[in-house]
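Visitor: The sequence shown begins at 20 in my numbering and counts up by one. Glycine is no exception: its CB is placed at the ideal position from the N, C-alpha and C atoms. Computed from a predicted structure; not experimentally measured. My structure is below; once you've seen it, I'll send some questions.
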Amino acid sequence: MTTTTEMTPANLAHIVDDDEAICDALTWQLRTRGIECMAWSSAEDFLAAWKPEWSGCIVLDIRLNGMSGIACFDALIVHHCQLPVIFITGQGDIQMAVDALKKGAFDFVEKPFNHNDLVERVLAAFKLSDERRRIEASREVVEERFTSLTPREREVMNLILEGHYNKVIANQLVISMRTVEAHRSHIFNKMKVRSAVELAQLLSVMKD
């Protein structure tokens, strides 16, 4: 099994399972569908190599020698890992898998599983991973624009978002209407929006 390599930002299915036969079968099935993947023989190896910029998903066996799949998942949560996790479960692991779903796992498949069905779940997880990366990229752009605002512009922006007219903002901040209009123009230019509605929609990205 491969345990160390230089990763790329492309989607990759990480198979974490100490059963070499299962890893080989899943690797073959995924690659025949054009899905790049990597097998890890232990949760410890995977966690030691994991990087926040990785994209794709994790296919994680609940029961592993050493650190369990559940413990690995908990560690990933602590490290704010954004990779969707698909658990492989035995009959006696269903409740653990359900509990993991409540904590944010993407899905679980029960042994013995249909390999084609698992591939479909991996592809669905890739879509979620792509969406999370898109949202994160959008958030970073919005935060960069937000930090360009002066403290006064942020004050004016908050009042704009509350729906106040320029006159009300001017009175509340004890500044002239012309100054409020100038701040509004600067805010819209820096945030790259054309209206208060667009501004509110843009800032909602930071709250997701």
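#1: Would you report the Cα separation of G109 and P131, rounded to the nearest angstrom?
#2: Considering just the uninterrupted stretch of the beta strand (DSSP E) at V78, what are its terminal residues?
#3: Under DSSP, the alpha helix (DSSP H) around H33 begins and ends at which residues?
#4: Hey, how far is the Cα of T169 from the Cα of L120?
#5: Which residue or residues does DSSP assign as beta-bridge partners of T108?
#6: Can you tell me which of D38, A215, T51 puts its alpha carbon nearest to the alpha carbon of H183?
#7: At what residues does the alpha helix (DSSP H) containing W47 begin and finish?
#8: Could you tell me the alpha carbon to alpha carbon distance between N190 and R213, rounded to whole angstroms?
#9: How many angstroms separate the CA atom of C56 from the CA atom of L49?
Guide: Here's the rundown:
#1: 8 Å
#2: 74 to 80
#3: Taken as a continuous stretch (DSSP letters only), H33 belongs to no alpha helix (DSSP H), being part of the beta strand (DSSP E) at 30 to 35.
#4: Spanning the alpha carbons of T169 and L120 requires a straight line of approximately 42 Å.
#5: For T108, which the question treats as bridged, DSSP gives the partners E129.
#6: A215
#7: For W47, the uninterrupted alpha helix (DSSP H) segment begins and ends at 39 to 51.
#8: 24 Å
#9: In this model, C56 and L49 are separated by some 7 Å (Cα to Cα).
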